[in-house]
Amino acid sequence: MNPYILAILLFGLGLGTTITFASSHWLLAWMGLEMNTLAIIPLMAQHHHPRAVEATTKYFLTQATAAAMLLFASVTNAWLSGQWDIQQMTHPLPITIITLALALKIGLAPVHAWLPEVLQGLDLTVGLILSTWQKLAPFALILQINPTNSTILIILGLTSTLIGGWGGLNQTQLRKILAYSSIAHLGWMILVLQFSPSLTLLTLLTYFVMTFSTFLVLKLNKATTINTLATSWTKAPLLTSLTPLILLSLGGLPPLTGFMPKWLILQELAKQDLALTATVAALSALLSLYFYLRLSYAMTLTMSPNNLSGTTPWRLSSTQLTLPLAISTTMAICLLPLTPAATALLAP
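Position 247, counted from 1, in the sequence shown is what the numbering used here calls 413; the numbers after and before it change by one each time, with no gaps.
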């Protein structure tokens with residue numbers, strides 16, 4: 167892609183998200199989301215491959231549907247209450263429709279079906295943008311409307327954690343596994359949203375760091391399926407020995423970074439007398455942990471088959487920058503001791 171066009175598209179992505187962040191009026195927020203969608207579409211379709219085009223089309227249709235729902239709900243809200251202000255949402259009907267529209271935007275279960283399919287058709291770099299940056303603007307809106315209907319949020323959260331765990335069990339494609347991992351993490355964030363928005367933000371940031379690190383590792387190894395992970399040992403031995411730690415951090419095992427948000431969320435749910443919800447969420451984390459362990463096993467404990475098609479690939483020097491990978495990997499593994507600082511920083 168032409169670097170100037172790429173720069174314009176990335177600027178459009180940044181601008182769309184910033185407009186949504188800065189807006190207090192529903193029309194402006196909607197406009198930011200639309201800019202965001204339109205800027206990423208050429209990036210998704212840049213490889214003229216049928217799968218990429220199909221993924222782009224699916225993404226466009228779901229995002230357009232969600233944006234139309236959002237616009238409809240905000241007009242309904244203006245009609246019922248005379249308010250266009252995002253934080254002045256009072257009527258339950260528009261709030262519910264907007265919550266569902268934003269859930270469709272970020273891919274929460276049960277409106278998640280597009281996310282694994284879309285991510286599977288994309289390049290790892292664009293997949294990374296879709297899994298991280300594209301979640302920011304809808305999350306800013308969800309945090310601002312602070313939905314009053316607690317049941318719908320808990321249902322969305324629990325179904326997401328369960329489907330995110332179950333869906334990933336049977337997958338061999340790494341991008342689909344990461345999509346289900348994304349759905350499960352978003353479920354955790356939505357569960358605690360109404361009780362502690364700052365905790366949701368902390369979870370979102372730790373999820374970004376861990377996902378960023380995972381995508382960069384896969385990109386360095388040029389891996390798209392579980393089988394190709396087995397050859398990563400010969401390409402980058404030290405990184406391959408660190409990768410299970412990143413994956414187990416995504417799974418939420420102590421003493422890694424990923425344990426912090428899960429621990430604080432379970433504590434908050436227990437404080438709110440939602441012991442059953444907390445138990446189901448914790449059990450669903452075991453499902454996710456299984457497929458992270460499976461990836462770790464494939465990467466570090468299996469040798470690549472020595473038939474002709476599976477011979478060790480050439481060890482060419484990589485053109486990828488290693489500093490972002492080094493920083494994000496260190497953060498994905500070592501941030502647990504900073505829990506008191508993080509909670510003090512995000513305390514309301």
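All C-beta atoms, glycine included, are put in the ideal place defined by N, C-alpha and C.
Residue range of the unbroken alpha helix (DSSP H) whose run includes residue i
i	result
N243	216-247
N393	392-395
A436	425-437
P420	From DSSP, P420 is part of no alpha helix (DSSP H); its letter is neither H nor E.
W299	299-311
W332	316-335
L172	169-188
V446	441-466
L367	363-387
I252	First-last for I252: undefined, no H or E at that position.
L340	340-358
M469	Unbroken run through M469: none, as it is neither H nor E.
P258	258-272
P490	489-500
P282	280-286
S398	398-401
T485	Careful: T485 lies outside any alpha helix (DSSP H) and carries neither H nor E.
L199	192-210
Exposed unless 16 or more other CB atoms sit within 10 angstroms - verdict on residue i
i	result
M167	exposed
G330	buried
P304	buried
M469	exposed
H215	exposed
N312	exposed
N336	exposed
H351	buried
L504	exposed
Q254	exposed
K428	buried
I349	buried
R217	exposed
Q433	exposed
A234	exposed
I171	exposed
Own chain partners of residue i with C-beta closer than 8 angstroms, once the 5 adjacent residues on each side are dropped
i	result
Q486	L382, K385, L386
T423	T372, V375, M376, S415, M497, A498, I499, C500, L501, L502
A436	A444
I207	T222, Y225, F226
V446	L324, T327, L328
Pick from the options that is closest to residue i, judged by C-alpha positions
i	options	result
A173	A188, S347, A205, S407	A205
Q212	G418, L288, A441	L288
T314	R341, L259, I207	L259
T317	L294, E434, L440, L413	L440
I499	K437, L405, L511	L405
V114	Y225, L319, L467, A507	The question about residue 114 has no answer here: the residues shown for the chain are numbered 167 through 514.
Q286	T338, Q249, I263	T338
M210	F457, Q300, I349	Q300
L370	Q438, T397, A508	A508
I261	V284, L236, P282, I272	L236
Y463	A510, F238, T397, G418	T397
I229	R460, V219, M201	Sequence inspection shows Gln at residue 229; the Ile mentioned does not correspond to that position. Per the Cα distances, M201.
G333	Y458, I171, S484, L511	Y458
6 angstroms Cβ shell around residue i - same chain, five flanking residues per side excluded
i	result
S296	The question names Ser, but residue 296 is Leu in the sequence shown. Correct list: empty, nothing qualifies.
P420	none
Contacting residues, own chain, Cβ-Cβ under 7 angstroms from residue i (five flanking each side not counted)
i	result
A195	T186, S189, I252, L307
L290	F381, L384, K385
T466	T406, S407, P410
W192	S240, W250, I252
T390	Q339, L340, R341
T298	F374, T377, F378
The ligand ATP heavy atom lying under 7 angstroms from the CB of residue i
i	result
W299	Looking for the ligand ATP in the displayed structure turns up nothing, as the structure carries no ligands at all.
Taking contact to mean 3 or more Cβ pairs, one atom from each stretch, closer than 8 angstroms, check whether the region 320-334 and the region 238-250 are in contact. no
Is the region 353-369 touching the region 312-324 in the sense that three or more CB pairs, one from each, lie closer than 8 angstroms? yes
At a cut of 8 angstroms, does the region 448-456 reach the region 488-496 through at least three beta carbon pairs? no
Between the region 168-188 and the region 274-285, are three or more C-beta pairs nearer than 8 angstroms? no
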